[in-house]
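K.L.:
Per the working numbering, the sequence shown starts with residue 1242, numbered consecutively.
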Amino acid sequence: MDWYPFSESEKEQLLRSWKAIESQKQAIGCDIYEMIFNQCPEGRKLFPKMKFVNGKPDRKGCEFAFQAMRFVQASGSVFEGAVMSLDNLPALDPILDNLGRRHGKLEVNGKFRTYYWSTFLECSICILRKTLTSCRKFPLKEIDSAIILWRYLLRDVMKKIKTNNFDDIL
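Spelled out as structure tokens, the structure:
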């Protein structure tokens, strides 16, 4: 699989956008995680112990905190790793291969649906845009182009994960 060929100026813009919001990566991860449940309620069956209040995950609950932390660590390492590896994106392969195998097992068991990846991508883009828009460290006039670059990057991350979904399983 070929990665999107980012130019040097595009790499710099992605890095600047990440640096502007990096201090908020925990909140970004939790917001993406919650938005996924709101957009795709059937995904809740993957987390039977999680409590929901008025249709939303109980962010104060222990199970949400535990699962959100795992999600934040995984998504944070993927987001940050991708931005920091723009000059050598294949360096992400071990992380993405592992995520592919783990989610592939869930898919084989009928618990994970392939459209969850699209939900993750769209929720990530939405939250990244929202965070960049509220951030004073990043110019408003650059947000649209930065979001397009994030979409290219995360789209390719998803492709790489899905490529390895069934390695060592079937």
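For each residue, glycine too, the CB sits at the ideal point set by N, CA and C.
Do LEU1390 and GLU1251 have their beta-carbon atoms positioned less than 8 Å apart in this structure?
P.N.:
The answer is yes: Cβ separation under 8 Å.
K.L.:
Just tell me which of ILE1368, SER1375, LYS1266 and SER1359 has its CA closest to the CA of ASP1397.
P.N.:
Cα-wise, what sits closest to ASP1397 is SER1359.
K.L.:
Which whole-angstrom value describes the C-beta separation of ILE1273 and CYS1364, a residue pair presumed to lie in contact below a C-beta threshold of 8 Å?
P.N.:
Going by Cβ atoms, the distance from ILE1273 to CYS1364 rounds to 5 Å, so yes, they are a contact pair.
K.L.:
Could you check the C-alpha separation between ALA1261 and THR1404 for me, to the nearest Å?
P.N.:
C-alpha separation (whole angstroms): 31 Å.
K.L.:
State yes or no: is the C-beta of ARG1392 within less than 8 Å of the C-beta of ILE1366?
P.N.:
Yes; because the gap between Cβ atoms is below 8 Å, this pair is in contact.
K.L.:
To the nearest angstrom, report how far apart PHE1278 and GLU1249 are at their CA atoms.
P.N.:
If you take the alpha carbons of PHE1278 and GLU1249, they lie about 36 Å apart.
K.L.:
Using the C-alpha atoms, what's the distance from ASN1329 back to ILE1336?
P.N.:
ILE1336 and ASN1329: Cα-Cα distance of roughly 14 Å.
K.L.:
Please classify MET1399 as buried or exposed, where buried requires at least 16 neighbouring CB atoms within 10 angstroms.
P.N.:
Buried is the call here.
K.L.:
Leaving out five residues on either side along the sequence, give the residues of the same chain with a beta carbon under 7 Å from the beta carbon of VAL1324.
P.N.:
The answer, listed in chain order, is LEU1255, LEU1256 and TRP1259.
K.L.:
So, helix, strand or coil for PHE1293, using DSSP?
P.N.:
Strand at PHE1293.
K.L.:
Determine the direct distance from the alpha carbon of LYS1378 to that of MET1291, and round the result to whole angstroms.
P.N.:
So the two alpha carbons sit approximately 35 Å from each other.
K.L.:
With 16 other CB atoms within 10 Å as the buried threshold, where does GLU1253 fall?
P.N.:
When all chains shown are included, GLU1253 counts as exposed.
K.L.:
To which residues of the same chain is MET1242 closer than 7 Å at the C-beta, ignoring the five residues directly before and after it?
P.N.:
LYS1400, LYS1401 and THR1404, listed in sequence order.
K.L.:
Just curious, the alpha helix (DSSP H) that GLY1284 is in, first and last residue?
P.N.:
No alpha helix (DSSP H) holds GLY1284; DSSP gives it neither H nor E.
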